[in-house]
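Let me begin by presenting the structure, written as structure tokens, before commenting on it.
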């Protein structure tokens with residue numbers, strides 16, 4: 001039996017179908033169960049293929065299919081865990097979104113557009129630059145870390161120094177909205193090594 005979105009596509013109610021697919025993608029982002037998220041992404045992929053097969057755009061009297069295909073690098077393809085260990089003098093640009101992440105024992109590395117839904121841990125790193133959006137950030141045993149950051153829960157420092165934090169203004173080519181800016185607690189830093197002073201970090 002066809003479901004509502006399939007019926008909308010079949011009946012050429014393409015704007016309604018597209019909105020429903022987009023809403024499903026948003027649900028996939030916040031779904032915590034990897035199994036349910038995978039099922040959602042499979043369903044989204046099927047809907048997009050049906051949509052792409054249905055819709056056409058006439059330009060200069062030529063019929064062209066509208067691109068609405070799913071790929072593994074789609075921003076809505078949420079992956080469970082990111083792990084980066086033992087890199088030196090490397091640069092990384094992230095297209096995917098992850099539930100959780102850990103960067104460990106990296107030196108002189110650049111991490112751009114890193115988006116973590118839950119928590120990111122930076123451990124035993126030195127002289128790294130990071131641009132990230134995450135719910136919670138923990139920095140342990142690290143020195144000289146520069147971070148452009150969005151975080152709702154703030155930052156926890158443990159045995160770390162020369163940490164520079166500034167507000168994240170954009171991620172993956174998209175500006176941080178005014179509502180998101182109000183939720184950004186990048187300046188709330190809890191230094192367990194030195195709770196009554198700010199000598200280990202600097203907020204720009």
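Numbering (the UniProt record's numbering), first residue to last: 1 to 204.
C-beta: ideal position from N, C-alpha, C; glycine also.
At a Cβ-Cβ threshold of 9 Å, residue 41 and residue 82 do not count as neighbours.
Annotation: the UniProt domain "Tubulin binding cofactor C-like" (98-178) contains no complete segment of the alpha helix (DSSP H) (minimum length 4 residues). Excluding five sequence positions before and after residue 27, the CB atoms of its chain that fall closer than 7 Å to its own CB belong to 40, given in chain order. By the CB criterion at 9 Å, residue 149 and residue 168 fall inside the cutoff. Between residue 156 and residue 139, the gap from beta carbon to beta carbon is short of 9 Å.
Residue 35 is classed as exposed because its beta carbon has fewer than 16 other beta carbons within 10 Å across all chains shown. With respect to residue 111, residue 97 sits apart: the two C-beta atoms are not nearer than 9 Å. Between residue 192 and residue 159, the C-beta gap is smaller than 9 Å, which places the two residues in contact. Its Cα nearest to that of residue 104, the residue 86 stands out among 86, 33, 2, 151.
In this structure, the beta-carbon distance from residue 2 to residue 10 falls below 9 Å. Just measuring C-alpha positions, the residue of 164, 135, 161, 166 sitting nearest residue 152 is 135. In this structure, the straight-line span from the alpha carbon of residue 32 to that of residue 182 is close to 24 Å.
When the Cα atoms are used, residue 141 and residue 126 turn out to be separated by approximately 9 Å. DSSP places residue 187 outside both helix and strand once states are collapsed to three, so it counts as coil. Taken through DSSP and simplified to helix, strand or coil, residue 202 comes out as strand.
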